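Protein chains: 2
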Amino acid sequence: MRASSNIKLMGKGAISKKAKKRKCNNSSGRGAIYIIGIGPGSLKDLTQRAKDAIKKSDIIVGYTTYIDLIKGLIKNKEVFATGMMREVERCQKAIDIALSGRKVAVVSSGDSGIYGMAGLVLELLQKTEKSANCELRIANLKSEIRNPKSEISVSIIPGVPAFCSAASLLGAPIMHDFASISLSDLLTPYEVILKRIKSAAEADFVIILYNPKSKKRVKQIEDVREILLKYRKGSTPVGIVKGSSRENEEIKITTLGGLLEYYDFIDMQTIVIIGNSSSCVYDNKIITPRGYKV
Amino acid sequence: MRASSNIKLMGKGAISKKAKKRKCNNSSGRGAIYIIGIGPGSLKDLTQRAKDAIKKSDIIVGYTTYIDLIKGLIKNKEVFATGMMREVERCQKAIDIALSGRKVAVVSSGDSGIYGMAGLVLELLQKTEKSANCELRIANLKSEIRNPKSEISVSIIPGVPAFCSAASLLGAPIMHDFASISLSDLLTPYEVILKRIKSAAEADFVIILYNPKSKKRVKQIEDVREILLKYRKGSTPVGIVKGSSRENEEIKITTLGGLLEYYDFIDMQTIVIIGNSSSCVYDNKIITPRGYKV
């Protein structure tokens, strides 16, 4: 069962005229938000649950690139797509649409719960609740939903994370305990990021790096390599995957020592996976042993 | 594109008579292993890529419980299912079947690359290569496969990890950097596990616990809580999900302080997610803010 929240409007204040008009187009009159992880890229990596939710939606909201990835499924549905850095606007738009009684899909690539939109939608709902003076009740699909016409439901639908797709292309680099760290300092202080790199290195986690480099942010990957080399050998296997499961997919296997040879290759669409102390390369695949006696 | 390895036999030594006989039943004569992540449980959480690979397979190999989860897709296919703790036997069996020229699916729940079978199959292939005196060549679906009749291909197909399904039921607990740690000390020294807990706590990672408790292994969860309470408040949100996306699915939301109230509820089929220092509970959902200004 997917969990779902229900936002119960105490008055009609939160519904605009435009919204009321839209509401008439919605048979059930009950708004819904589906926060969907569409997987790494290819439609082959989408789950049935995600496809069903897209099908049920009246309108699809998402970052332009993600909308393009699923355009084969959207067909003639209404779309609200914006560029990067406009996440708050997109998620608020989705909430407003749901409050008007329509069913809206908010799509994230990979899993919607890993650096995705699930948290932001819930945070904004919390704010909306306060500003709209309404009251929230928990309900999952097992429980009865009272007065459905005055509520919206929120469902979070997981997807295949980008790092799992990247790992599957590299072999089996994540067979043991792992840590995932985003190198983007737009929302996180850089010192926090570096502390996490240090701790993950100390405890011999396999390390997954999201957002390793952007046009403006270029030095992080060098700093990270420098820290990791204090704890791991230069020969530690490193996998670099760009556009995993997308048309521009490219795979590189190197070492921590040799990582910077791929400096120009690494960008925002790249995931970097650094092996732990027992990871090895075999048949051009990274294997991190789980510990079975073979 | 899924990456695939090719095991090239230098002689027929590795093929048993039984295998040769089987080989006749295989039109292409080329063996294949699909290492498939079937997702957390429900067929709704399977990807199309996983379904296609199961369809292409002559025989399905896996842990009995996982075979049951996908029996709706297996239909009349041959099945090799064994109980827990027989992973090496199962994966070796899959390799032997593939070497005989048949197409075999090795199924893991969740993602095959996270505490799954991908690594073990690759490790055993490495061993098989040596013992069978054959030579391995890298090839992905983009590249040409030479002399296909003398090779087997290995493809790793990612799935929705159990922890992503669990998180989607809890709200959005994993919106920031996270660490995944298995508490099973069958394959990992306990001191290594505890060191990882300590480091993940110090660096304020959201922490995902796999295999938190078994019939024999009962104390881990108490030790972990004790360590975490040195770094995080007793009010830190904790989500506990049993049988995520399965018929026995149950969800509990508590705090680090109150975790042991669910001591009896926690078992091997349970995933525990511990929030970071900014995680909060709202509308009975755990939210870990990503850092957006809302």
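Chains as they are written, first to last, in our numbering: chain A, 3 to 296; chain B, 3 to 296. Glycine included, C-beta positions come from ideal geometry on N, C-alpha and C. The model shown is predicted, which means the values in this text are computed figures rather than measured ones.
Flag this pair as yes or no: are the beta carbons of residue i and residue j separated by less than 8 Å?
i	j	result
B:S201	A:G115	no
A:D300	A:E80	The first residue shown for chain A is 3 and the last is 296, placing residue 300 of chain A beyond what the model contains.
B:G121	A:M270	no
B:A83	B:G161	no
B:V90	B:V108	no
B:I38	B:I159	yes
B:D1	A:I183	This structure leaves residue 1 of chain B out entirely; chain B is present only between 3 and 296.
B:S279	B:P239	no
B:Y36	B:S157	yes
A:I253	A:G173	no
A:L48	B:Q50	yes
B:E153	A:P291	no
B:S247	B:S167	yes
A:I209	A:A181	yes
B:I255	B:V283	yes
B:L189	A:G293	yes
A:V63	A:R88	no
Report the neighbours of residue i on chain B: residues whose CB is nearer than 8 Å to its CB, in chain order.
i	result
A:I183	D179
A:V90	Y294, K295 and V296
Kindly indicate which residue of the options has the alpha-carbon position closest to the one of residue i.
i	options	result
B:Y65	B:G33, B:G112, B:K53 and B:A34	B:G112
B:I268	B:S186, B:K215 and B:A34	B:K215
B:S249	B:I35, B:D70, B:T49 and B:A34	Rather than Ser, the amino acid found at residue 249 of chain B in this sequence is Glu. Of B:I35, B:D70, B:T49 and B:A34, the residue nearest in Cα terms is B:D70.
A:G236	A:L262, A:V156, A:V243 and A:I72	A:L262
B:A2	B:I40, B:K58, B:L48 and B:D47	Residue 2 of chain B falls outside the range modelled here, since chain B spans only 3 to 296, and no answer is possible.
A:L75	A:I40, A:A96 and A:I97	A:I40
A:Y265	A:C282, A:K295 and A:I223	A:I223
B:R227	B:D206, B:I199 and B:V156	B:I199
A:I276	A:E251, A:K197 and A:P175	A:P175
B:D285	A:K46, A:Q128, A:G103 and A:K95	A:Q128
A:A203	A:L258, A:N78 and A:L48	A:L258
A:M86	A:G118, A:V106, A:A164 and A:G241	A:G118
B:L193	A:I195, A:D206, A:T190 and A:R32	Note that residue 193 of chain B is Glu in the sequence shown here, rather than Leu. Nearest C-alpha to B:E193: A:D206.
A:T130	A:V283, A:S102, A:I97 and A:S110	A:I97
A:K77	A:C93, A:K95 and A:I56	A:I56
B:S44	B:G245, B:G260 and B:G293	B:G245
A:R32	A:L101, A:R92, A:K95 and A:R88	A:L101
B:D225	B:K105, B:K197, B:C93 and B:R92	B:K197
B:S155	B:I99, B:I195, B:P191 and B:S186	B:I99
For residue i, go through chain B and note every residue whose CB falls closer than 7 Å to its CB, in chain order.
i	result
A:T238	In chain order: nothing, as chain B lies at least about 16 Å away.
A:Q128	Y284
At a CB-CB cut-off below 9 Å, which residues of chain A make contact with residue i?
i	result
B:S167	P160
Name the chain B residues whose beta carbon is nearer than 9 Å to that of residue i?
i	result
A:T190	H178, D179, R292 and G293
A:S170	R4, A5, I37, G39, D113, S114, G115, A120, S157, I158, I159 and P160
A:K197	E204, A205 and D206
A:L230	In chain order: nothing, as chain B lies at least about 14 Å away.
Give the interface partners of residue i over in chain A, defined as CB-CB distance under 7 Å, in chain order.
i	result
B:D113	C166
For residue i, return the contacting residues in chain A, with the cut-off set at a CB-CB distance below 8 Å.
i	result
B:G85	Going along chain A, no residue has its Cβ under 8 Å from B:G85, so there is no contact; the nearest lies around 16 Å.
B:E153	In chain order: nothing, as chain A lies at least about 12 Å away.
Contact set between the stretch 199-223 of chain B and chain A, restricted to residues whose Cβ is under 8 Å from the partner: K200, S201, A202, E204, A205, D206 and F207
Near-chain B residues of the stretch 273-295 of chain A (beta-carbon distance less than 8 Å), N- to C-terminal order: Y284, D285, N286, K287, I289, T290, P291, R292, G293, Y294 and K295
According to a CB-to-CB cut-off of less than 8 Å, which residues of the stretch 44-76 of chain A neighbour chain B? Of all residues in the stretch 44-76 of chain A, those with a C-beta nearer than 8 Å to a C-beta of chain B are S44, L45, K46, D47, L48, T49, Q50, R51 and D54, reading in chain order.
Would you say the stretch 222-232 of chain A touches the stretch 218-232 of chain B, given that touching needs at least three Cβ pairs under 8 Å? Two segments are said to touch when three or more pairs of C-beta atoms, one from each, lie closer than 8 Å; by this definition the stretch 222-232 of chain A does not touch the stretch 218-232 of chain B.
Using a Cβ cut-off of 8 Å, which residues of the stretch 96-107 of chain B contact any Cβ in chain A, in chain order? Per Cβ criterion, the list is empty.
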